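Protein chains in written order, with this note's numbering: chain A, -7 to 273; chain B, 5 to 336. C-beta atoms are modelled at their ideal positions from N, C-alpha and C, and glycine is treated no differently. Treat the numbers as computed from the prediction; the structure is a model and nothing was measured. Okay, so here's the structure we're looking at.
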Amino acid sequence: MNHALYSCRRQKNRLVVSLSVAATLFGLAWLVLILGVLLWKGFSGLSLAVFTQMTPPPGAAGGLLNPIVGSLIMTGLAVLIGTPLGILAGTYMAEYGRYDRLTSVVRFINDILLSAPSIVIGLFIYEVMVARMGHFSGFAGAIALSVIVVPVVVRTTEDMLTLVPDTLREAGASIGLPRAMMITKVAYRAARAGMVTGVLLAVARISGETAPLLFTALNNQFWSADLNTPMASLPVVIFQFALSPYQEWQQLAWTGALIITLAVLALSIVARALAAPRKSS
Amino acid sequence: MVDVALQHDAGAVVVAQPDRTKVLQKLKFTDAAFRNLTRAAAIAVLVILGGIIVSLIHGSSLALGQFGIGFLWTESWNPVTGNFGALAPIYGTIVTSVIAMVIAVPVGLFIALFLTELCPMVLRRPIGIAIELLAGIPSIIYGIWGLFIFAPFLQSTVQPFLIETFGHIPGLDTLFAGPPYGIGILTSGLVLAIMVLPFITSIARDVFEAVPPVLKEAAYGVGCTTWEVVRYVVLPYARVGVIGGVMLGLGRALGETMAVTFVIGNAHRISGSILAPGTTISATIANEFTEAVEDIYTSSLIALGLILFAITFIVLAIARYMLMRVQRKAGA
C-alpha cells in the first residue's frame, strides 16, 4: 500500500516537473519564433535606402526616413518633458515624504498609470490638446508619450533613492549640507546608474508605442520637423503599411518592425547591464 | 557647508565682506524651493490621473447624455444612423482577456515554478531575462506577427482541427462554429496570452522567491516532493501575490490595443463562436477614431475609452492592493 502511495506521489511530481519544463520551453519558443520571423522578414528589406528616403506612395519603392526622424524627435521631446517631472516626483517620495500619506497615494496612482491602457492616454491628449488646438501635431504626440514616461521614471527613481543607504545622507547632513544639496550632490550621485536605467526603460517603452500617437501626432506622408503639424512615427507607419494591400508597403512595415525591435531590445539590454553591478554588489 | 559657500561667494565677489546670515538665508530658500518643487511634481502625478478622468468624462458627455446608461448594454453600432452601444466591444474585450488568462496563468505559474524550484542556477538568469525580453517587445510587433504569421498558421492548422473535433459536440458546437477565418476572437486571445505571459511569470517568480527558504526546507525535510512543496507551502504562502500578478496581467490584457487591432477583425457583433471576428474597446477606438467625423461618433468612442479606463482602473487597483499587502508582509 505504501509502495502504491509512493509511486503515485512520484508520478504526480514527475508530471508537474515535466509540465513546468514544457511551459518554459513554450514561453521561450515564442521569443525565438517572433524574433526569428522578424529577422527573416525584416532583413531582406534592410538597405541604405530605408534610412535615406521618404515613405513612398503606394506601389513605389522608398524608405522610412521621415518616420524614423519623427519617432526620434517625439521620443526625445517626451523624455525631456517626462524625465525631470518623474525624477522630482520620485525624489519627493523617497527623500522628503517617505512615510507621508501623500507618498502612498501617489505611489498607488503611479503604479496604476504605469499599466494604464496607452490608448486612453491618447484619448486624454486628444481631448486636452488636439481638440483645443484644432489640429493634430507632433507636439501633442510627444506630450502623450511623456505621460507614459513619467510613471516609469517616478517608479525607478523612488526605488533607487530608497536603496541609497541612510548613512550617506547622515554623512552629508553632518557636514552641514542643506537637504536639497544633500539630495542633488549625494543621493542622486549614489543612485545615478539606477535612475539612468529608468530613463532607458522609459525610452524603450515609448519607442514602440503606437496607440497614443494614432490620434495625437497622426501621420505624415512627407518630411516634417515642424512640431505644429502632424508627424510621422515608425510605429504608426508600420500600422498603416502592414494593413495595406501593397507589397512594398508591407515589406517596409517588416523592416520598420525589425528596426524598432532591435532598438528596444538593445535599450533594455543596456539598461539591464547598467543595473546589474548594483544588484550583485 | 556655509563656509564652503562663503568661500565660493568670496571668490566671485572679491571685496565684499561675506555675510553668514545672508548665505544661510539663501540656502534655506533654495532648500524650501526644492522641497516644494518635488512636492509639486508628486502632486502632478495625481493631476495627470485627474486630468485623464475629467477629460474622458467631458469628451463622452455628449454620448452618455444621449444614450444614457443603456449605452453599456446596447449592441448596435451604426455610424450612419448615429446609434451607438458598447456591448459588442465590451464583450470582445472580456472574452479575449479571459482566453488570454486561461492560457497564460497556468503556463506562467509553471514557468515561475521551474525558475524558482527546478532550474539549474546557471540557467536561471538567462531564462528569466529571455522571458522578460518577451515583455519588452512592442505590441505592434505582436500585431504584425500575429496578422501575417500566426493567424494564417491557426487558420490552416489549429482552427480546422478545433472545428473538426468540437464542431459536432452539442454545447461546444456554437463555440467553435463557422469557417476558420484565421483572425478573430480566439487568435486575439492567444496573442494576448503570449503578451501577458511575461508579466505573470515575473511577478509569480518574485513572490515565489519571497517564500522563506526555511519553510520550504522544512517541507523537503519531512520528505515532500517538489510538487507537494509548491502545492502546500509555496502556493498558500504566495497566494495573494500570485492573485495580484494575475490581476496585473489581466489589466494589461484588457487595455492592450495594437496587437489586438491587427488580429481581431473589427466586426461589431457578438458571435457565440470564438473563431468569429469581433472587436474590443481598444481596437474599436484605434480603428475608428480618426474616421469619426460626427461629434456623437467621436463622443461615443471616448465613452468607450472611459469604460475601458474604469474597468482597467478597478482591476489594476485590486492588483496593486494585493501586491502592496505582500510587500508589507515581506517588510514586516
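Query	Result
For the candidate residues B:165, B:297, B:222 and B:89, whose alpha-carbon lies nearest to that of residue 283 (chain B)?	B:89
Count the other CB atoms, across all protein chains shown, that sit within 10 Å of the CB of residue 239 (chain A); report buried if there are 16 or more and exposed otherwise.	exposed
Alpha carbon to alpha carbon, what distance is there between residue 166 (chain A) and residue 97 (chain B)?	57 angstroms
Assign residue 135 (chain A) to buried or exposed, taking buried as 16 or more other Cβ atoms, counted over all protein chains shown, within 10 Å of its Cβ.	buried
Is the shortest distance between the beta-carbon of residue 180 (chain A) and the beta-carbons of chain B less than 9 angstroms?	no
Quick one, which of B:250, B:114 and B:152 has its alpha-carbon nearest residue 30 (chain A)'s?	B:152
Sorted by chain position, which residues of the same chain lie with C-beta nearer than 6 angstroms to residue 201 (chain A)'s C-beta, five sequence neighbours on each side aside?	110
Can you grab the Cα-Cα spacing for the pair residue 58 (chain A) / residue 46 (chain A), in whole Å?	6 angstroms
Check residue 165 (chain B) in the structure and name its three-state DSSP category.	helix
For residue 107 (chain B) and residue 251 (chain B), what's the separation of their Cα atoms in angstroms?	14 angstroms
Going by DSSP, which residues form a beta bridge with residue 87 (chain B)?	B:82
Taking the alpha carbon of residue 96 (chain A) as the point to measure from, which residue in B:124, B:49 and B:85 has its own alpha carbon closest?	B:49
According to DSSP, is residue 16 (chain B) helix, strand or coil?	In this prediction, residue 16 (chain B) has a pLDDT of 49, which is less than 50 and means its spatial position is unreliable; what the coordinates show is noted afterwards. Three-state result, residue 16 (chain B): helix.
Please report the Cβ distance between residue 93 (chain B) and residue 308 (chain B), rounded to the nearest whole angstrom; I am assuming they are in contact, meaning their Cβ atoms lie under 8 angstroms.	6 angstroms
Give me the Cα-Cα distance between residue 128 (chain A) and residue 122 (chain A), rounded to the nearest whole angstrom.	5 angstroms
In this structure, does DSSP put residue 210 (chain B) in helix, strand or coil?	helix
Does residue 126 (chain B) come out as helix, strand or coil in the three-state DSSP assignment?	helix
Does residue 272 (chain A) come out as helix, strand or coil in the three-state DSSP assignment?	With a pLDDT of 43 at residue 272 (chain A), under the threshold of 50, the modelled position of this residue cannot be trusted; read the value that follows with caution. Note: residue 272 (chain A) maps to helix in three-state DSSP.
When you compare the CB of residue 48 (chain A) with every CB in chain B, is at least one pair closer than 9 angstroms?	no
List, in chain order, every chain A residue whose beta-carbon is nearer than 8 angstroms to that of residue 262 (chain B).	202, 203, 227 and 231
Counting only the same chain and skipping the five closest in sequence on each side, list residues whose C-beta sits under 7 angstroms from that of residue 37 (chain A).	243, 244, 246 and 247
Report the residue from B:313, B:317, B:304 and B:320 whose alpha carbon sits nearest the alpha carbon of residue 74 (chain B).	B:304
Which first and last residues belong to the alpha helix (DSSP H) in which residue 41 (chain B) is found?	24 to 71
Count the other C-beta atoms from every protein chain shown that fall within 10 angstroms of the C-beta of residue 299 (chain B), then say buried if there are 16 or more, exposed otherwise.	exposed
In three-state terms, what does DSSP make of residue 256 (chain B)?	helix
Using CA atoms only, rank isn't needed, just tell me which of A:32, A:206, A:262 and A:130 is closest to residue 144 (chain B).	A:206
Would you say residue 65 (chain A) faces chain B, with C-beta separation under 9 angstroms as the test?	no
Check whether the Cβ atoms of residue 113 (chain A) and residue 139 (chain A) sit closer than 9 angstroms, and answer yes or no.	yes
Can you pull out the residues from the segment 60 to 92 of chain B whose beta carbon lies closer than 8 angstroms to at least one beta carbon of chain A?	60, 62 and 63
If you reduce the DSSP assignment to three classes, tell me which class residue 143 (chain A) lands in.	helix
Which of the three DSSP states, helix, strand or coil, is assigned to residue 215 (chain A)?	coil
Mind checking the segment 90 to 107 of chain A against chain B and listing, in chain order, the residues whose C-beta falls within less than 8 angstroms of any C-beta there?	94, 95, 97, 98, 100, 101, 102, 103, 104, 105 and 107
Kindly list, in the order they appear in chain A, the residues whose Cβ is closer than 8 angstroms to that of residue 142 (chain B).	199, 200, 201, 202, 227, 252, 253 and 256
Going by beta carbon distance, what residues of the same chain come within less than 7 angstroms of residue 141 (chain A), once the five residues before and after it are set aside?	70, 71, 74, 75, 78, 194 and 198
Is there a Cβ from chain A that is less than 9 angstroms from the Cβ of residue 138 (chain B)?	yes
Got a sec, what are the start and stop residues for the alpha helix (DSSP H) residue 275 (chain A) sits in?	This structure does not reach residue 275 (chain A), given that chain A is present from -7 up to 273, and the question cannot be answered.
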